[in-house]
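Residue numbers (my numbering): 217 to 335.
Quick notes on the structure that follows.
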């Protein structure tokens with residue numbers, strides 16, 4: 217989902233994507249019928265594991281842990297996509313921040329978002 221675009225070109229980073237219209241999309245409803253969710257007490261609330269079955273019979277394992285810190289490049293890509301979705305052309309303001317992301321703490325980013333850093 218590079219750039220925040222998921223299924224059929226929807227911008228999954230934009231708030232307006234998630235509307236009542238989305239819940240009545242027949243293609244998404246059909247896809248949802250193919251998904252089975254099974255709880256796993258060995259995982260935390262921040263973790264997910266799964267398996268995707270392909271049409272040719274192969275299976276692809278996947279996992280994600282929200283508590284695991286992403287690499288600076290992965291974090292920059294996600295922040296850029298979210299900023300573009302929310303701010304549009306104004307997202308260019310975050311480029312200088314992303315260039316020095318690896319040296320910033322979460323508190324530093326919070327200060328920047330609140331307007332405490334002039335970048």
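We treat Cβ as the ideally placed atom computed from N, Cα and C, and that holds for glycine.
| query | result |
| --- | --- |
| Rounded to a whole number of angstroms, what is the C-alpha to C-alpha distance between residue 263 and residue 225? | 27 Å |
| What would DSSP say about residue 328, mapped onto helix, strand or coil? | helix |
| Assign residue 326 to one of two classes, buried (16 or more other C-beta atoms within 10 Å of its C-beta) or exposed (fewer than that). | exposed |
| At what residues does the beta strand (DSSP E) containing residue 313 begin and finish? | Note, residue 313: premise wrong, no beta strand (DSSP E); alpha helix (DSSP H) at 311–315. |
| Return the chain-ordered ranges of every alpha helix (DSSP H) run that is complete within the stretch 222–291 and spans a minimum of 4 residues. | 236–239 and 242–248 |
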